[in-house]
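Below is one structure, written out as structure tokens; comments come after it.
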Amino acid sequence: MSDSSEATWGRRMGFGKHPALLIVDLTRAFTEEGRPLGSSMPATLEAANTLLDSAHKSDIPVIFTTVSYDSDTMQDAGIWITKIGGLEDLKFDSNGVDISPQLQREPRDGLLVKKYASCFFGTDLVSRLLAMGRDTLILAGCSTSGCIRATAVDAIQYGFRPIVVEDAVTDRWQEAHQQSLYDLQAKYADVLPLKEVLTYFEKLRNA
Numbered sequence: 001m002s003d004s005s006e007a008t009w010g011r012r013m014g015f016g017k018h019p020a021l022l023i024v025d026l027t028r029a030f031t032e033e034g035r036p037l038g039s040s041m042p043a044t045l046e047a048a049n050t051l052l053d054s055a056h057k058s059d060i061p062v063i064f065t066t067v068s069y070d071s072d073t074m075q076d077a078g079i080w081i082t083k084i085g086g087l088e089d090l091k092f093d094s095n096g097v098d099i100s101p102q103l104q105r106e107p108r109d110g111l112l113v114k115k116y117a118s119c120f121f122g123t124d125l126v127s128r129l130l131a132m133g134r135d136t137l138i139l140a141g142c143s144t145s146g147c148i149r150a151t152a153v154d155a156i157q158y159g160f161r162p163i164v165v166e167d168a169v170t171d172r173w174q175e176a177h178q179q180s181l182y183d184l185q186a187k188y189a190d191v192l193p194l195k196e197v198l199t200y201f202e203k204l205r206n207a
């Protein structure tokens, strides 16, 4: 993905030396059809598993995220609950907050609980990444126009290189998905195919 004005927009940042893989909100609430917030995303789950397999082999840190509200009154959802329905499926006692069982999660993988779109907002993600010496954040999951975009924007603002894996992100609306990828590539992240990210992981593994 590129813009005709390449000297201004969409320039490539490139990979850093120390990546972390962030699997954003691939929980049962979002990945299972029939749930209030759910949709079918088999290709995204398959691509995420491919990334996970390569990251695990390369000893690249992996962090999964889930949205979970711990109040029966949903007070910790703030006024967001007035905008979006179905957030009750994200209460702490719902299995909707569980990471999809289709994903190849390992015990060493981290888990980040968040309340809003960005994985950085109100969480300790910055501290975790700095403690691990990470400079690059590989993003997979959902949704492209929501949590992926918000996280990528915050990542670059905090000084991390955001890499959005085009094959491993998805959205409920194709128009929003494509526009968000275009906007991210133009201003905030490198939007790259899965194959290129896997090659990067392999180079780190063989370094």
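Okay, so the sequence shown: first residue is 1 according to the numbering used here, each after it adds one. Don't be surprised by glycine CBs; every beta carbon is placed ideally from N, CA and C.
- If you draw a straight line from the Cα of T73 to the Cα of Y116, it is about 16 Å long.
- The Cβ atoms of D171 and T144 lie closer than 8 Å to each other.
- According to DSSP, residue pairing for A20 in a beta bridge involves L137.
- Looking at the DSSP output, P162 bridges to L137.
- Taking 8 Å as the cut-off, the beta carbon of F160 is found no closer than this to the beta carbon of A55.
- Contact check for L139 against V169 passes: the beta carbons are separated by less than 8 Å.
- By a beta-carbon distance limit of 8 Å, A20 contacts L129. Their separation comes to about 6 Å.
- Annotation for F64: the continuous beta strand (DSSP E) segment containing it runs V62 to V67.
- The alpha-carbon of A131 is positioned some 19 Å away from that of S58.
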